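Structure first, then comments.
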Amino acid sequence: MPKNSLIDFDSTKPNSPFYNESHRQWRDSLRRWLAKEIAPYVEEWEEAEEFPLSLYKKASEFGLSRLNYPEQYGGLDSGFDRFHAIVTAEETSQIGAGGIFASLLVHGIGLPPIIALGTQEMKERIAPAVLTGDKRICLGITEPDAGSDVANIKTRAERDGDDFIVRGSKMFITGGMRADYMTTAVRTGGPGMSGISLLLIELDRPGVARTKLKKQGWWASDTAAVYLDEVRVPVSNLIGPENQGFLGIVLNFNGERLAMAASAVGYARTCLVEAARYAQERQTFGKRLADHQVIRHKIAEMQRQVNATQAYLEICAWRVQEGESPIADLALLKVQATLTMEFCAREAMQVFGGAGYLRGNKVERIYREVRVNAIGGGSEEIMRDLAARQMGL
Amino acid sequence: MKILVTVKRVPDPESSIKVNPEGTGIVESGLKWVVNPFDEIAIEEALRIKEAQGDVEVVVVSVGVSESQEQLRTGLAMGADRAILVKADRPDTAAVAKILVKLVEKEQPTLVILGKQAIDDDSNEVGQMLAHLLGWPQATFISKLTFAGDKASVECIREVDGGMETIAFALPAIITADLRLNEPRYASLPGIMKARKKPMEEIDAASLGVDLTPRVRIKKMAPPPARTAGRKVESVDELINALQTEAKVM
């Protein structure tokens, strides 16, 4: 009878020239922090559909939520590179509960436009409070009738003296229930892309209402519909020039796609590892699951797809680090990564059988989180279309 | 003030340890190596003293293979100021203590903090030997350390079999850290980045003029016997009998 062997995240991951000692140490430190501060509570927070607000503070103290922001606002950016970001995505994905990190690190999409385009007063007012974990900021682009077609957003901001009066609604807003601020795309001008501005809205202003949205996965994440009913916001809250909001919106894209791809590969590898482990434990027909050829091949096939995607991810990350902006490849990488995640989540569920259908295990949770990765941050269909356009088709 | 803290490279306690077929040691290939957990507590204590008192230099020291650099870097990433690696091939505890004496003579620290023991061989000897060789006061297994107002002496609470023992003594001194002394911090990413630029000195143990001849010889290493299946008993009487006569625990 073949012996069981230890197949884990590290043993399945191929060696790669992009990582040095600082990446290995960061992985080690982060892994230990996650094991202590998050892993023991995952089931509880998922079922409660919420994690304690104190986690924002803890993540800031440890540094996780301050990574890659300027030090003058309390961030930590010296020496940080794309591979530290990949390590971060891989380690957090091994927890197998994406909703926690979607809300915990939602300032990753809400804050960069302010840091890049906001006024000095705004940066100093918002960034330090968010980076210490005292305040939260989300991003409000998508609407009931507009998503990746940002040019069609309907939420209007009308000038009234030194204020805007904002009317409209925002949909699928990650972290929206508990956020203090929303970086919001609003229409300040005519139709199309050139009429859109980014506006910082404090969510305690009169006229803001929110509804919590129930979801297939990401239960611990507070996702909201945000209604803006004649919300008065000072003109000085404009992030960047009026009617040039698209600048700030696209600013997020490359980093977000790379990070989502890295997480998706991490989830896929977690499914592979969980399946390999279970296949070595579970006995059927007098032998281990792993001794049945149909099961062995599933696991080898998962490994093939995960490691191929990993190689694509690391090359894309290296190109971005070298200053390139490989838009088509980043879009296709996201597609490749979420398809791999989908495949591995499916196959791992098949290996687990009935046990995988029960709540309270990583594979079952990741299975329910496939779609949010495959659709959120640009669906596979939108990504392919973007790539085709970039290729000049 | 200067504090010397020892750091030993040990196998990750969560990895699966196998004895090699010759019975001469453990299989080291594929093992993950970490800082001895008690040494992490020692580093943390030194860093807290530094944070409380300001003018303190924390020097981490390891005696062992070149790869121990990785563990020293972790100490530097946590916040230590510099590192010293004394290269020596599997020194026994007496040799380590004698090497540390040389470093203490060179560095002149006010305090040496060690983990109470390393989790690989659990010897629990180096701190005590070092105190003896230097003729310094020592407090082992401490769970609390308090400086006197003039910073010339300390008060320590030790965990002993009967409870807690409080002792006070003048510096310089040796202390060894127990589990409850503190909860070590995690190395932060900026700490990790800064650690790359901090100085690390390498010394060849042979150059220190210390007798490194081992006093301890490992004759044989064997894994503990595999657990055998339990047995069902028919009655409480039979259970009590088995516990008394077979297991001999009652």
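Chain order of the listed sequences is Z and Y. Going by the working numbering, the first sequence opens with residue 75, and the numbers climb by one from there. Going by the working numbering, the second sequence opens with residue 290, and the numbers climb by one from there. The beta-carbon is built from N, C-alpha and C at its ideal position, and this holds for glycine as well. Since the model is a prediction, treat every value here as computed from it, not as a measurement.
When the Cα atoms are used, what is the spatial distance from residue i to residue j?
| i | j | result |
| --- | --- | --- |
| Z/A203 | Z/I313 | 17 Å |
| Z/Q377 | Z/A419 | 12 Å |
| Z/I369 | Z/A382 | 20 Å |
| Z/T262 | Z/A225 | 12 Å |
| Y/A518 | Y/P512 | 18 Å |
| Z/A259 | Z/F417 | 35 Å |
| Z/P308 | Z/Y147 | 23 Å |
| Z/M75 | Z/H366 | Residue placement at Z/M75 is flagged as unreliable, the pLDDT there being 48, under the threshold of 50; the coordinate-derived value follows with that caveat. Each residue's alpha carbon lies about 12 Å from the other. |
| Z/G397 | Z/P186 | 18 Å |
| Z/Y165 | Z/M334 | The sequence given here has Glu at residue 165 of chain Z, not Tyr. If I take the Cα positions, the gap works out to 13 Å. |
| Z/A364 | Z/I373 | 9 Å |
| Z/I449 | Y/R362 | 42 Å |
| Z/H371 | Z/L179 | 37 Å |
| Z/G430 | Y/Q427 | 55 Å |
| Y/V296 | Z/K197 | 42 Å |
| Y/A462 | Y/G416 | 10 Å |
| Y/E614 | Z/L302 | Since the first residue of chain Y shown is 290 and the last is 539, residue 614 of chain Y is not available in this structure. |
| Y/A377 | Y/V499 | 11 Å |
| Z/S268 | Z/V300 | 24 Å |
| Z/R67 | Z/N89 | Only positions 75 to 467 of chain Z appear in the structure, and residue 67 of chain Z is not among them; the question remains open. |
| Y/S351 | Y/D493 | 12 Å |
| Y/R506 | Y/N309 | 17 Å |
| Y/P479 | Y/S318 | 31 Å |
Using a Cβ-Cβ cutoff of less than 8 Å, which residues in the same chain neighbour residue i once the five nearest sequence positions on both sides are dropped?
| i | result |
| --- | --- |
| Y/E359 | R298, W322 |
| Z/E124 | A294, D296 |
| Y/A536 | none |
| Y/K487 | L365, A369, D370, R371, A372 |
| Z/D278 | D254 |
| Z/D237 | R306, V307, P308, V309 |
Shortest alpha-carbon distance to residue i belongs to which of the options?
| i | options | result |
| --- | --- | --- |
| Z/S79 | Z/G450, Z/Y352, Z/G434, Z/L387 | Z/Y352 |
| Z/G214 | Z/R241, Z/I200, Z/G250 | Z/G250 |
| Z/R306 | Z/A122, Z/A163, Z/D234 | Z/D234 |
| Z/F320 | Z/D254, Z/R356, Z/L191, Z/R433 | Z/L191 |
| Y/L423 | Y/D467, Y/Q397, Y/L528 | Y/Q397 |
| Y/E490 | Y/G343, Y/S355, Y/N413 | Y/S355 |
| Z/N142 | Z/A159, Z/E135, Z/P126, Z/L273 | Z/A159 |
| Y/P300 | Y/T313, Y/A331, Y/R379, Y/L320 | Y/L320 |
| Z/F175 | Z/Y115, Z/W292, Z/I81, Z/K110 | Z/W292 |
| Z/I200 | Z/G264, Z/L150, Z/K132, Z/L274 | Z/L274 |
| Z/N328 | Z/L406, Z/S268, Z/E195 | Z/L406 |
| Z/V324 | Z/V425, Z/G452, Z/V347 | Z/G452 |
| Y/V345 | Y/V401, Y/L419, Y/M482 | Y/V401 |
| Y/E329 | Y/A407, Y/R379, Y/T382 | Y/A407 |
| Z/R445 | Z/D219, Z/I389, Z/S96, Z/K408 | Z/K408 |
| Y/G353 | Y/L374, Y/I338, Y/G343 | Y/L374 |
| Y/P326 | Y/T502, Y/A495, Y/G314, Y/A466 | Y/A466 |
Between residue i and the rest of its own chain, which residues show a CB-CB distance below 6 Å, the 5 nearest in sequence each way excluded?
| i | result |
| --- | --- |
| Z/Q384 | V339 |
| Z/Q464 | I401, A402 |
| Y/E454 | R447 |
Can you tell me the Cβ-Cβ gap for residue i and residue j, rounded? I've got them flagged as a contact below 8 Å.
| i | j | result |
| --- | --- | --- |
| Z/R156 | Z/Q395 | 5 Å |
| Y/L336 | Y/V347 | 6 Å |
| Y/L392 | Y/L460 | Going by Cβ atoms, the distance from Y/L392 to Y/L460 rounds to 17 Å, so no, they are not a contact pair. |
| Z/F83 | Z/R343 | 6 Å |
| Y/E334 | Y/N471 | 6 Å |
| Z/I169 | Z/A113 | 6 Å |
| Y/L434 | Y/I464 | 7 Å |
Is residue i near the ligand FAD, in the sense that its beta carbon is under 7 Å from a heavy atom of that ligand?
| i | result |
| --- | --- |
| Y/A366 | The model depicted lacks the ligand FAD and carries no ligand whatsoever. |
Applying a beta-carbon distance threshold of less than 7 Å, which residues of chain A neighbour residue i?
| i | result |
| --- | --- |
| Z/S96 | Absent from the structure: chain A. Protein chains present are Z and Y. |
Suppose the cutoff is 7 Å on Cβ atoms and the five residues either side in sequence are ignored; what does the same chain contact list for residue i look like?
| i | result |
| --- | --- |
| Y/L288 | Missing from the structure shown is residue 288 of chain Y; chain Y here goes from 290 to 539 and no further. |
| Z/C212 | V180, G184, I247, T248, G249, G250, A253, M256 |
| Y/A531 | V522 |
| Y/S442 | A457, F458, A459, L460 |
| Z/R151 | The question names Arg, but residue 151 of chain Z is Asp in the sequence shown. Same-chain partners within the cutoff: N142, Y143, P144, E145. |
| Z/A171 | V116, E120, A294, R439 |
| Z/A350 | I81, I373 |
Original post:
Which runs of the beta strand (DSSP E), 3 residues or longer, sit entirely within the segment 92-149 of chain Z?
Top reply: none
**OP:** Tell me the start and end of each unbroken beta strand (DSSP E) in the segment 417-489 of chain Y that is at least 3 residues and wholly inside, in chain order.
**Re:** 427-436, 442-449, 452-459, 462-466
Subject >> Residue ranges of each beta strand (DSSP E) within the segment 305-375 of chain Y, 3 or longer >> reply: 322-324, 346-353
**OP:** Enumerate, from N- to C-terminal direction, the unbroken beta strand (DSSP E) stretches of 3 or more residues contained entirely within the segment 360-414 of chain Z.
**Re:** none
**OP:** Could you name each continuous beta strand (DSSP E) segment of 3 residues or more that falls completely within the segment 287-311 of chain Z, going from the start of the chain to the end?
**Re:** 297-308
Original post:
Taking only runs of the beta strand (DSSP E) that begin and end inside the segment 199-285 of chain Z, which ones reach a length of at least 3 residues, in chain order?
Top reply: 211-214, 230-234, 237-248, 255-261, 270-276
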